[in-house]
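S.K.: Quick one: the structure is below, and I'll ask about it shortly.
Residue numbers (this note's numbering), protein chains in the order written: chain V, 716 to 792; chain A, 716 to 792.
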């Protein structure tokens, strides 16, 4: 299985979703990126279509916005 | 792995997310429920916390609302 990327910003909704995603698809199948800490990956997240976090970029490059923690604009601020 | 339940209502956003979820976690690990057709499962979906579809109920009973297709109220209508 190709790798997915889980973008989050450390918010409680994000942490909860992160646990669920790791349980569902397996830690080895997902890269976890905290764009609240790793701000130089915000542009990358926006480019692939992430509008809010938490969000999962699938191997087929679809973005699944999961619940709602924070908008990308909030993370930038 | 315990089974997850994917609730949807046949909308385009739902179908797209269904494909993604099946690819990610495997068809054998998820029950697909179309509450647009199977209206007697709407109450069950509401009870577990589904507010909109598509949504995934994890084995740990968390609801992941994925993107946004339709609200439960819309499905009832």
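For each residue, glycine too, the CB sits at the ideal point set by N, CA and C.
1) The beta strand (DSSP E) with residue 769 of chain V in it runs from where to where?
2) Can you tell me where the alpha helix (DSSP H) with residue 732 of chain A in it begins and where it stops?
3) Could you say if the stretch 740–750 of chain V and the stretch 745–752 of chain A meet the contact criterion of at least three C-beta pairs nearer than 8 angstroms?
4) Can you pull the chain V residues whose beta carbon is under 9 angstroms from the beta carbon of residue 780 of chain A, in chain order?
5) Residue 738 of chain V versus chain A: which residues are under 8 angstroms apart at the beta carbon?
6) Only counting the same chain, and skipping five residues up and downstream in sequence, which positions put a Cβ closer than 7 angstroms to that of residue 756 of chain A?
M.R.: So, from the listed chains and residues:
1) 767–772
2) 727–740
3) no
4) 780, 781, 782 and 783
5) 773, 774 and 775
6) 748 and 750
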